[in-house]
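Going by the numbering used here, the letters in the sequence shown line up with residues 5 to 472, in that order.
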Amino acid sequence: MVRTMEANVTLGPAAGLIAGRLERLPATRGFWRRLTLLSLGGFFEFYDLFLAAYVAPGLVKSGILTTTTPGLFGTTGIAGFVAAFFLGLFVGTALFGFIADRLGRRVIFMWSLVWYAVASFIMAFQQDAFSLNLWRFICGIGIGVELVTIDTYIAELSPPAWRGRAFAFSNIIQFAAIPVVAFLGWLLVPQTLFGLDGWRFVVMAGSLGAGLVWFIRRRLPESPRWLAAHGRAHEADAIVEAWEVEARLAGAELAEPRPHPPQDRRGSFAEIWQPPYLSRTLMLIVFNVFQAAGYYGFASWVPTLLIAAGIETTKSLGYTFIIAIAAPFGPAIGYLLFTDRAERKWVVVGAALAITVVGLAFTQANAMASVIACGVALTLANNVFSYAYHGYQPELFPTRVRAQAVGFVYSFSRLSTMFSAFLIAAILKEFGAPGVFVFIAGCMGIVAAVIGFFGPRTSGLTLEQISG
């Protein structure tokens, strides 16, 4: 008999059977369509996630913010703007990540997109640093919940043999937002249109695009794994059955599903502090503290770093646009060459080491060609690293606590970026752009060591096998 989660007892074989049926499904055209619709929401989340780098020169030019920060934690500089956003991301991931485990994946990735779009639109019309940072913080809450839920949904949707490529494909779409926002920044930030500073139109473009995507992807179904784990096996069965029909119409022969043991309890936050998840939780906390400082140390600051190196604002934005074009090619290279062929943890380690090497090379770059070459190489390595670890984290926890666990460990990356923004501002002031790149290299070296020594293997395994 299937019982509800409220009874806090076993759900019977249905939940395990749903997982087994999902794992044998091929990557059909319908699978890629669902993944594309899901990733389109992530496109605008990434648009806003990387927005700061490209509107920062305009915010300084308009007199709202300053390049450097008065005092270590001053709020009127670019660092305060970056920190406000990542504080919002921290609140969204750490405090509200559990909602996707309670209410479902779909309801969260739909309505958090609305939250972001409204908050971002309001932010575009603020006139002072305090109001700007306040709405940037509110915007960050919505994006924090959205990104964790998307990662969770992709992991639960994808067959084991395609899980890595599913994340790579999703990130190709999501990272395509970076050249878009970079191009709009290059085109609009130096301008004044209809009496408004150009950076405001860059912000509004992301907000309006997110609203459009909400309508496009509103028919995406709930995660069958989540439904089965919450006593809604009939709904899960209907969704999976439709996907099985879709696979058979595409010519696939489906093997007999291998049932997994059912979950026998409601997930709780305390579970991630118990074996076998304790070591994974601690590892990912350390990982996220350092990866965020290194990753966003470049991604959120690149135009400002180039300006600090003596390149004028317009040229800096132009160089940044050229560098940003490389963003979706990182996951595309991974998709074609090594994802789901190489062990996922070693992809993360290799990309982190590449960032370390290129970051150090950037300290010696002076000419236009070398600056752009190092920037492109760092962007490629950054984004291979990003899609690999976004796929890696949700694999390490069971369905009953997946969103909450990933949200919690991922929230440390938000705190890290918030404080490292001020640290980078101080390093930039004292040691210039080369000092920042040395800092980035050091952080990613630590990341490679943590995952290399302590990260479990996951490639080719089912989520149930990985989570124990």
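Every residue, glycine too, gets a C-beta built ideally from N, C-alpha and C.
Since the structure is predicted, the reported quantities are computational estimates derived from the model, not experimental observations.
Which residue from the options puts its Cα closest to that of residue i?
i    : options                : result
A214 : L161, M114, G189, P261 : M114
Y393 : G62, G459, L282        : G459
M208 : F125, I359, C447, E468 : F125
L341 : A358, W139, V388       : V388
E275 : F102, F47, A87, P61    : F102
A371 : F100, Y323, L288       : Y323
I243 : E226, P194, L21, G235  : E226
I444 : S420, E248, L161       : S420
DSSP three-state label for residue i, please.
i    : result
L224 : coil
G24  : helix
T483 : No answer is possible for residue 483: it lies beyond the span of the chain, which begins at 5 and ends at 472.
A346 : strand
L465 : coil
G108 : coil
L29  : coil
T2   : No answer is possible for residue 2: it lies beyond the span of the chain, which begins at 5 and ends at 472.
D132 : coil
G235 : coil
G215 : helix
T367 : coil
G75  : Bear in mind that the predicted position of G75 carries a pLDDT of just 47, short of 50, making it unreliable; the figure below should be weighed with that in mind. Three-state result, G75: coil.
G101 : coil
G34  : helix
G338 : helix
Short of 6 Å in beta carbon distance, which residues of its chain neighbour residue i, apart from the five on each side in sequence? Order them along the chain.
i    : result
F262 : In the sequence as displayed, the identity of residue 262 is Arg instead of Phe. The residues are G24.
V353 : A452, I455, G456
G92  : F141, G144, I145
L191 : none
G334 : L384, N387, V388
G497 : Shown here, the chain extends from 5 to 472; a query on residue 497 therefore has no answer.
G46  : I154, Q178
F90  : R418, T421, M422
So, residue i versus residue j, is the Cβ gap smaller than 9 Å?
i    : j    : result
L400 : S471 : yes
L224 : A121 : no
P163 : R28  : yes
L286 : I177 : no
Y51  : I182 : yes
R204 : A83  : no
R418 : G148 : yes
A256 : T32  : yes
F273 : Q408 : yes
A123 : F85  : no
M422 : F94  : yes
G271 : P402 : yes
V2   : A437 : Residue 2 lies beyond the stretch modelled for the chain, which goes from 5 to 472, so this question has no answer here.
F48  : G210 : yes
Less than 8 Å between C-beta atoms, sequence neighbours within five positions excluded: which residues of the same chain meet that for residue i?
i    : result
D344 : A165, W166, R167, G168, R169, S463, G464
C378 : V362, A365, F366, A369
Within its chain, find whatever has a CB closer than 7 Å to the CB of residue i; leave out the 5 residues flanking it on each side and keep chain order.
i    : result
A259 : R28
G96  : G144, I145, G146, I147, G148, V149
A172 : P335, G338, Y339, T343, Y391
N137 : T79, G84, F85, A88
Length-filtered (4 minimum) alpha helix (DSSP H) runs lying within the region 358 to 419: Restricting attention to alpha helix (DSSP H) runs no shorter than 4 residues, the region 358 to 419 encloses them at 372 to 399, ordered along the chain.
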